[in-house]
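S.K.: Take this structure, written in structure tokens, and hold onto it; I'll ask about it next.
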Amino acid sequence: MLDRDTIVGPLQTSVQRRLDDLSRSVDLADRDRAADLAVREIPLLVEALRATLATHAPDARGHCPVCRSRRSRLLFRRRGRTPCRAYLAAQLSLGPAIEDVVKPRTKHLRRRRTPSLSPLG
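Sequential numbering of the sequence shown, starting at 1, is according to UniProt numbering.
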């Protein structure tokens, strides 16, 4: 059986190298070559991002099965309504259009206890 690091390490290096090459190519290219590069590479990058986000698709309760399994290791931690890390990272990288997607929730305010006149409180 192969060790996980013997597979993940080279794969991770290869992906990072490819992304570096794309960034460098865009920086060094003139307008026409940059446009050709964009036409070829942007659809590939979009598909790669969609494939990654597909593994983080929320279940019926709205929880990410990948991120949830990480959190479930902490038995005493309550699950809050935090977004999936993959979707959050994608949104932060793509731009600030989140207000189009997320509608603010109204919170139910608890009634505050009226202060007691008793010195015991």
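Idealized CB from N, CA, C, for every residue including glycine.
How far does the alpha helix (DSSP H) with Pro83 in it extend, from its first residue to its last?
M.R.: Walking along the sequence shown from the start, residue 83 turns up at place 83. Premise fails: Pro83 is in no alpha helix (DSSP H) and is neither H nor E.
S.K.: Whole-angstrom Cβ separation of His56 and Tyr87, contact assumed at under 8 Å?
M.R.: For the purposes of this step, residue 56 is taken as residue 56 along the sequence shown, with counting starting at 1. For the purposes of this step, residue 87 is taken as residue 87 along the sequence shown, with counting starting at 1. The pair is a contact, with the Cβ atoms about 6 Å apart (cut-off 8 Å).
S.K.: Using only alpha-carbon positions, find the residue among Ile42, Ala60, Pro65, Arg61 that is nearest to Leu53.
M.R.: The sequence position of residue 53 within the sequence shown is 53, counting from 1. If we check each option's Cα against that of Leu53, Pro65 comes out closest.
S.K.: Less than 8 Å between the beta carbons of Ala29 and Leu22, yes or no?
M.R.: What you label residue 29 is simply residue 29 of the sequence shown in a count that begins at 1. What you label residue 22 is simply residue 22 of the sequence shown in a count that begins at 1. No, Cβ-Cβ distance for Ala29 and Leu22 is not below 8 Å.
S.K.: Quick one: what does DSSP say Gly95 is sitting in, helix, strand or coil?
M.R.: To locate residue 95, count along the sequence shown from 1; it is residue 95. Correct three-state label for Gly95: coil.
S.K.: Which ranges does the alpha helix (DSSP H) cover as unbroken runs of at least 4 residues, wholly within the stretch 27-74, from first to last along the chain?
M.R.: 31-54, 65-71, all fully within the stretch 27-74.
S.K.: Between the C-alpha atoms of Pro10 and Gly95, what's the straight-line distance to the nearest angstrom?
M.R.: As a working mapping, residue 10 is identified with position 10 in the sequence shown. As a working mapping, residue 95 is identified with position 95 in the sequence shown. Using only the alpha carbons, I get a separation of about 30 Å.
S.K.: Measure the Cβ-Cβ separation of Ala89 and Leu49 and say whether it is below 8 Å.
M.R.: In the sequence shown, the residue the question calls residue 89 occupies position 89. In the sequence shown, the residue the question calls residue 49 occupies position 49. It is not a contact, given that the beta carbons lie outside the stated cut-off.
S.K.: Taking 7 Å as the limit between beta carbons, can you name the residues of its chain near Ala34, skipping five residues before and five after?
M.R.: Looking up residue 34 in the sequence shown gives position 34. Hits under 7 Å: Val26.
S.K.: Tell me which residues share the same chain as Cys84 and place their Cβ nearer than 6 Å to its Cβ, disregarding the 5 neighbours each side in the sequence.
M.R.: Mapped onto the sequence shown, residue 84 falls at position 84. Contacts found: His56, Cys64, Cys67.
S.K.: Compute the Euclidean distance between the alpha carbons of Ala51 and Asp32, then round it to the nearest angstrom.
M.R.: The residue you call residue 51 lines up with position 51 of the sequence shown. The residue you call residue 32 lines up with position 32 of the sequence shown. Spanning the two alpha carbons is a distance of roughly 29 Å.
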